[in-house]
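*Asks:*
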Amino acid sequence: MWQKIVDIINEGKRFIITTHLFSEGDAIGSELALHRFLCGLNKDAVIVNNEALPAVYRCFDTDRDVKFLRNKDVNINLNDFDAIFIVDVADWSQLGDFADMIKASSITKVCIDHHASNPGYADINFIDKDASSAGELIFDLITFMNGEITLEIATPLYLSIATDTGWFKFSNTSATALKACSDLIRVGVKSEMIYEQLYQTKHASYLKLLNLALGILRPECDGKAVWTKLTKEMIKSSGVPFVDTDVIIDLVRAVKEVEVVIVFREIGDRKTKVSFRSKHTVDVAKLASDFGGGGHVRAAGASINEPIDTAIGNVISGVREYFEGNEVCVSVAASLA
Ligand SMILES: [Mn+2]
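Residues in the sequence shown are numbered from 0 upward in steps of one, following numbering that gives the first Met the number 0.
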């Protein structure tokens, strides 16, 4: 399955790598690892993202390889490149303004992804919905090519797999993912340091924001769905430099009866970002896709061009309909053995 992509790598010289908006561990880890691998093969490769990296991930980009499309110094002509690798992206809409540029160019478009909702929008698509993460796929590609997994490649790959499996908590924590991580640690990855960097370096003001968000939690559907919101005002008044919704989601998900957690984040006057998570039965990728988003069965998201309260009203009625039309069982590990 990798052969077509291997041929593109072997026959080409200049490559671009990109990933989705609101990039996170898997997106950034897989593009950094692929970049380092291609450079190790003496290829010219550049990473160009729509947005600057979130601060918490900047330390992984040790050589400042991730370029920011809107930065004036970044002048790229896609037609100068042999191929663009689009990693961890299920749909063109997740690429923001960059999508139109890519679509308009004649560059060979290669997609490497693990979202089940991915329709195969590129010229060449490697989509494995059973992979834990895009990073696991990059690991597989490098292994297929008999490439060396150096520590510089292993660290971002570990970042990918660890974050997309919720640090080995979610149902995508497969034997393959753990085997890859075992190999990565053998190379020298410092798991505990990556964990600390991601989850234990927050500003004290983050607790203020958590307090605000937890203070307005709203249960729906007999408490099986719970949502909260982060408005610009809340973010500003708490003073957090970087908003991480994962901790809020994990805290709410700690409640036994909760099946679905939804966090609404106000991005602009008419722009709201929605994160959905579920535990056992609710297909949140389906819920997100009703609002133009997508993702995985247990973790999905959408960007809605509505003011936050309108978005909340619409999404919550969608959630109520889902609960009315589907059997939603909230079961705690029926059989562990
Ligand atoms: Mn991913």
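Cβ atoms here follow ideal geometry from the backbone N, Cα and C, with glycine treated the same way. Here the structure is a predicted model, which is why all the values come from computation and not from measurement.
For a test of your reading of the model: does the CB of Ser132 fall under 7 angstroms from any non-hydrogen atom of ligand 1? Yes or no.
*Replies:* One-based indexing of the sequence shown puts residue 132 at position 133. Ser132: yes, Cβ under 7 angstroms from ligand 1.
*Asks:* Once DSSP output is grouped into helix, strand and coil, what is the label at Arg13?
*Replies:* The residue given as residue 13 occupies position 14 in the sequence shown. Note: Arg13 maps to strand in three-state DSSP.
*Asks:* With distances taken from CA atoms, which of Ile261, Ala298, Gly11 and Gly238 is nearest Ile106?
*Replies:* Here residue 106 corresponds to residue number 107 of the sequence shown, with the count starting at 1. It is Gly11 whose Cα lies nearest to the Cα of Ile106.
*Asks:* Should Met192 go down as buried or exposed, given a rule of 16 or more other Cβ atoms within 10 Å for buried?
*Replies:* What you label residue 192 is simply residue 193 of the sequence shown in a count that begins at 1. Flag for Met192 reads exposed.
*Asks:* Can you say whether Leu150 is buried or exposed, counting buried as having 16 or more other CB atoms within 10 angstroms of its CB?
*Replies:* Position 151 of the sequence shown, counted from the first residue, corresponds to residue 150. Label assigned to Leu150: exposed.
*Asks:* Here's the rule: buried if 16 or more other CB atoms are within 10 angstroms of the residue's CB, otherwise exposed. What is Cys110?
*Replies:* Within the sequence shown, numbered from 1, the residue matching residue 110 stands at position 111. Answer is buried; the Cβ neighbour count reaches 16.
*Asks:* Just to confirm the assignment, what range does the alpha helix (DSSP H) spanning Val318 have?
*Replies:* As a working note, residue 318 is residue 319 in the sequence shown. Ile307 to Gly324 is the span of the alpha helix (DSSP H), which, as asked, contains Val318.
*Asks:* Leu31: which of Ile7, Ile248, Ile8 and Tyr56 sits nearest, CA to CA?
*Replies:* Reading the sequence shown from its first residue, position 32 is the one you call residue 31. For the residues Ile7, Ile248, Ile8 and Tyr56, the minimum Cα distance to Leu31 belongs to Tyr56.
*Asks:* Just grab the DSSP bridge partners of Phe67 for me.
*Replies:* Locating residue 67 in the sequence shown gives position 68, counting from the first residue. Asn48, per the DSSP bridge assignment.
*Asks:* Could you pull out every residue in the same chain whose Cβ sits closer than 7 angstroms to the Cβ of Arg319, ignoring the five residues on either side in sequence?
*Replies:* Counted from its first residue, the sequence shown places residue 319 at position 320. If we look at Arg319 and ignore the five residues flanking it on each side, its Cβ neighbours are Glu219 and Cys220.
*Asks:* Taking the alpha carbon of Phe21 as the reference point, which residue from Gln93, Arg276 and Asp62 has its own alpha carbon closest?
*Replies:* For this step, residue 21 is matched to residue 22 along the sequence shown. Of the candidates Gln93, Arg276 and Asp62, the one whose C-alpha sits nearest the C-alpha of Phe21 is Gln93.
*Asks:* Roughly how many whole angstroms lie between the Cα atoms of Gly28 and Asn76?
*Replies:* On the sequence shown, residue 28 is found 29 positions in, with the first residue counted as 1. On the sequence shown, residue 76 is found 77 positions in, with the first residue counted as 1. Using only the alpha carbons, I get a separation of about 25 angstroms.
*Asks:* Using 8 angstroms as the threshold, is the C-beta distance between Arg264 and Ile152 below it?
*Replies:* Against the sequence shown, residue 264 aligns to sequence position 265. Against the sequence shown, residue 152 aligns to sequence position 153. No; because the gap between Cβ atoms is not below 8 angstroms, this pair is not in contact.
*Asks:* I think Thr164 touches Thr172, with their Cβ atoms under 8 angstroms apart; what is that distance to the nearest whole Å?
*Replies:* As a first step, residue 164 must be located in the sequence shown, where it is residue number 165. As a first step, residue 172 must be located in the sequence shown, where it is residue number 173. That pair is a contact at about 5 angstroms.
*Asks:* Pro155 by DSSP, collapsed to three states: which one?
*Replies:* Counted from its first residue, the sequence shown places residue 155 at position 156. Reduced to three states, the DSSP call for Pro155 is helix.
*Asks:* Tell me the DSSP secondary structure of Asp127 in three-state form.
*Replies:* Within the sequence shown, residue 127 is the residue found at index 128, counting from 1. Asp127: coil per DSSP, three-state reduction.
*Asks:* Quick one: does the C-beta of Asp87 sit closer than 7 angstroms to a heavy atom of ligand 1?
*Replies:* Against the sequence shown, residue 87 aligns to sequence position 88. Asp87 Cβ: within cutoff of ligand 1.
*Asks:* Val109 lies in the alpha helix (DSSP H); which residues open and close that run?
*Replies:* In the sequence shown, the residue the question calls residue 109 occupies position 110. It is not in any alpha helix (DSSP H) - Val109 instead sits in the beta strand (DSSP E) that spans Thr107 to Asp112.
*Asks:* Cβ of Ile46 within 8 angstroms of Cβ of Asp62?
*Replies:* Indexing the sequence shown from 1 puts residue 46 at position 47. Indexing the sequence shown from 1 puts residue 62 at position 63. No, Cβ-Cβ distance for Ile46 and Asp62 is not below 8 angstroms.
*Asks:* Reducing DSSP to helix, strand and coil, say where Ile303 ends up.
*Replies:* Sequence index remark: in the sequence shown, residue 303 carries index 304 (1-based). Three-state DSSP puts Ile303 in a strand.
*Asks:* Give every residue of the same chain whose Cβ lies closer than 7 angstroms to the Cβ of Ser204, excluding the five residues on either side of it in the sequence, and list them in chain order.
*Replies:* The count along the sequence shown starts at 1 and reaches residue 204 at position 205. Correct list, in chain order: Ser237, Gly238 and Val239.
*Asks:* With respect to 7 angstroms, is the separation between the Cβ of Asp90 and the closest non-hydrogen atom of ligand 1 below this value?
*Replies:* In the sequence shown, the residue the question calls residue 90 occupies position 91. The answer is no for Asp90.
*Asks:* With a floor of 3 residues, list each beta strand (DSSP E) that falls wholly inside the stretch 242-272, ordered by position along the chain.
*Replies:* 259-267, all fully within the stretch 242-272.
*Asks:* Just curious, the alpha helix (DSSP H) that Thr175 is in, first and last residue?
*Replies:* The residue given as residue 175 occupies position 176 in the sequence shown. Start and end: Ala174 to Val186.
*Asks:* Under the assumption that Phe217 contacts Arg252 (Cβ atoms under 8 angstroms), give the Cβ distance between them as a whole number of angstroms.
*Replies:* Taking the first residue of the sequence shown as 1, we reach residue 217 at position 218. Taking the first residue of the sequence shown as 1, we reach residue 252 at position 253. Going by the sequence as given, residue 217 is Arg instead of Phe. About 15 angstroms; that fails the 8 angstroms criterion.
*Asks:* Apply the 10 Å Cβ neighbour rule to Pro155 and answer buried if 16 or more other Cβ atoms are within range, or exposed otherwise.
*Replies:* Indexing the sequence shown from 1 puts residue 155 at position 156. The residue in question, Pro155, is buried, as its Cβ has 16 or more Cβ neighbours within 10 Å.
*Asks:* Have a look at Ala54, Ala103, Tyr120 and Leu213 and flag the residue whose alpha-carbon is nearest the alpha-carbon of Trp226.
*Replies:* Looking up residue 226 in the sequence shown gives position 227. The shortest C-alpha separation from Trp226 is found at Leu213.
*Asks:* Counting along the chain, where does the beta strand (DSSP E) carrying Thr142 start and finish?
*Replies:* By one-based count along the sequence shown, residue 142 stands at place 143. That residue, Thr142, is in no beta strand (DSSP E); its alpha helix (DSSP H) goes Ala133 to Phe143.
*Asks:* Looking only at its chain, what residues have a beta carbon closer than 6 angstroms to the beta carbon of Lys272, apart from the 5 residues adjacent to it on each side?
*Replies:* Here the question's residue 272 lines up with position 273 in the sequence shown. Correct list, in chain order: Arg264, Ile266 and Ser302.
*Asks:* Asp182 and Ile148 - do their beta-carbons sit closer together than 8 angstroms?
*Replies:* Along the sequence shown, one-based indexing puts residue 148 at 149. Along the sequence shown, one-based indexing puts residue 182 at 183. Contact: yes.
*Asks:* Name, in chain order, the residues that DSSP records as bridge partners for Ala43.
*Replies:* As a first step, residue 43 must be located in the sequence shown, where it is residue number 44. In the sequence under discussion, the amino acid at residue 43 is Asp, which differs from the Ala named in the question. According to DSSP, which records beta bridges pairwise, Asp43 is partnered with Arg13.
*Asks:* Return yes when the C-beta of His113 is under 7 angstroms from any heavy atom of ligand 1, and no when it is not.
*Replies:* Mapped onto the sequence shown, residue 113 falls at position 114. Indeed, a heavy atom of ligand 1 lies less than 7 angstroms from the Cβ.
*Asks:* Buried or exposed: which applies to Thr17, given that a residue is buried once 16 or more other Cβ atoms fall within 10 Å of its Cβ?
*Replies:* Here residue 17 corresponds to residue number 18 of the sequence shown, with the count starting at 1. It is buried - the Cβ of Thr17 has at least 16 other Cβ atoms within 10 Å.
*Asks:* What do you reckon, is the C-beta of Asp243 under 7 angstroms from a heavy atom of ligand 1?
*Replies:* In the sequence shown, counting from the first residue as 1, residue 243 sits at position 244. No, ligand 1 has no heavy atom inside 7 angstroms of this Cβ.
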